[in-house]
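**Student:** A single structure is presented below for examination.
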Amino acid sequence: MPELPEVQTIVDDLRQKVMGHKILDVICDWENLIREPSFRKFKEEISGSIIEDIKRRAKNIIINLSASKTLLIHLKMTGHLLVSSCWEFKRGKLRKIKNAQCPEDDPIASDKMNQFVHLSFQLDKNKNLMLSDLRKFAEIRLVNTEKIPEYLASYGLEPLSKDSTYEKFKKALSNQKGNIKQVLMDQKVLAGIGNIYSDEILFEAKIHPKQKTENIPENKLKKLYQEIGNVLKRGIELRGNSVSDYRDTEGRKGKYQEVKKVYRREGQPCIECGGKIKRIKIGGRSAHFCPKCQRK
DNA sequence: TGCAGTGTTGCTTC
DNA sequence: CGAAGCAACACTGC
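With my numbering applied, the first sequence corresponds to residues 18 to 313, in that order.
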């Protein structure tokens, strides 16, 4: 679920909310979430550390801690990070902290994602950084900071980074033979794009998802590069999409789903030409597109 | 009621 | 070798 714009929104919010905080303790009822080291070591090593910096690479959240340790978090399909001063994770359940001040319309109180909290970092100043995950696919690692580059070595171009250029993009795609939809989602080629944004990007660029990457003409490729930037930036502006269950660190929905044009709109009219949006399978995933606007 | 489908990724299989 | 399938898990919707 969380793709680049959602992960970026989470990272930006976390920077505001938990930077400089100390991690006092960790509570967890699904230790498989912690991929390394063992939970016992994890707890021991992380307790007492300070959150020094928070960044994103691809769909990973990177939290630099004091003592040269780094937390690497991947939310996969249904993971969420929540920051709250009025909820705590105790005896396997999310519980309201007595006498704590909650926001009037606290979404955590009503949203059913509150049933799926499996881990909580207890921070100083009465804050909790919690991970909820219905499907339990999320992964957390605690590694030595110097090792981080190895973990991130295989990722491709960051489409929104300052040094991303059309030439680099073109080069990244130059030896790709498959269909463009799958290439866009290949994290080794481009970092951060998933099923939803790839559909929206291809619609904006007027490219058929099954178009062979090597056959895309130069002008279309330029357009594609521009639209990747436009769509992802719009996603961040709208704080991500909650087509499904994405929520930000307060438990609130994003707004990008209100402007999406093709994803999960099978059978509905195309915003631009009125034709019917189609859904096909590509690599086992659903691809949505307008057959009139997007030609091979 | 039951089964296909779901945002991700990486491993296994053919 | 590359592409396809599947597993990790649990819920929703048809």
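Virtual Cβ for every residue (Gly too), placed ideally from N, Cα, C.
I need the boundaries of the beta strand (DSSP E) containing L146, first residue and last residue.
**Tutor:** Start and end: 145-150.
**Student:** T95: buried (16+ other C-beta within 10 angstroms of its C-beta) or exposed?
**Tutor:** The residue is buried, with at least 16 neighbouring Cβ atoms inside 10 Å.
**Student:** To which residues of the same chain is T87 closer than 7 Å at the C-beta, ignoring the five residues directly before and after it?
**Tutor:** Correct list, in chain order: I79, I80, N81, V160, T162, I165.
**Student:** Select from T26, I90, S102 the residue whose C-alpha is nearest the C-alpha of K142.
**Tutor:** Among T26, I90, S102, the Cα nearest to that of K142 is on S102.
**Student:** Pull up the CB-CB distance for Q199 and I299, whole angstroms please, since I reckon it's below 8 Å.
**Tutor:** Contact flag correct, Cβ pair sits at about 6 Å.
**Student:** How would you label K110, buried or exposed, when you count the other beta carbons within 10 angstroms and need 16 or more for buried?
**Tutor:** Its Cβ having fewer than 16 others within 10 Å, K110 is exposed.
**Student:** Quick one: grab the DSSP three-state call for K58.
**Tutor:** Residue state, collapsed to three classes: helix.
**Student:** The beta strand (DSSP E) that contains F106, what's its start and end?
**Tutor:** That run of the beta strand (DSSP E) goes 104-107.
**Student:** According to DSSP, what are the bridge partners of T87?
**Tutor:** Paired residue(s): N81, V160.
**Student:** What does DSSP give as the partner residues of I71 in its beta bridges?
**Tutor:** Looking at the DSSP assignment, I71 forms a beta bridge with I80.
**Student:** What's the call for S259, buried or exposed, on a 16-neighbour Cβ count within 10 Å?
**Tutor:** Counting Cβ neighbours within 10 Å, S259 comes out buried, since at least 16 surround it.
**Student:** Please classify G173 as buried or exposed, where buried requires at least 16 other C-beta atoms within 10 Å of its C-beta.
**Tutor:** The residue is buried, with at least 16 neighbouring Cβ atoms inside 10 Å.
**Student:** Is the separation between the beta-carbon of S83 and that of E69 shorter than 8 Å?
**Tutor:** Cβ distance < 8 Å, so S83 and E69 count as in contact.
**Student:** For I51 versus F59, is the C-beta distance shorter than 8 Å?
**Tutor:** Yes. Within cutoff.
**Student:** Contact between the segment 240-260 and the segment 19-27 is defined here as three or more beta-carbon pairs at a separation below 8 Å; is this criterion met?
**Tutor:** Contact holds: three or more Cβ-Cβ distances are below 8 Å.
**Student:** Taking the alpha carbon of H135 as the reference point, which residue from E121, K229, R112, E275 has its own alpha carbon closest?
**Tutor:** Considering only alpha carbons, the answer is R112.
**Student:** Taking all protein chains shown into account, do 16 or more other C-beta atoms lie within 10 angstroms of the C-beta of R264, making it buried, or fewer, making it exposed?
**Tutor:** Answer is buried; the Cβ neighbour count reaches 16.
**Student:** Can you give the Cα-Cα distance for G246 and R57, rounded to whole angstroms?
**Tutor:** So the two alpha carbons sit approximately 42 Å from each other.
**Student:** What are the uninterrupted segments assigned as beta strand (DSSP E) that are 3 or more residues long and contained completely in the segment 234-302, given in chain order?
**Tutor:** Segments of the beta strand (DSSP E) lying fully in the segment 234-302: 295-299.
**Student:** Got a sec, what are the start and stop residues for the alpha helix (DSSP H) E217 sits in?
**Tutor:** Looking at the DSSP string, the run of the alpha helix (DSSP H) that includes E217 is 212-222.
**Student:** Nearest by alpha-carbon distance to E48: which of D123, A117, E156 is it?
**Tutor:** Comparing Cα-Cα distances from E48 to each of D123, A117, E156, the minimum goes to E156.
**Student:** Is the Cβ-Cβ distance between L148 and I40 less than 8 Å?
**Tutor:** Going by C-beta atoms, L148 is not nearer than 8 Å to I40.
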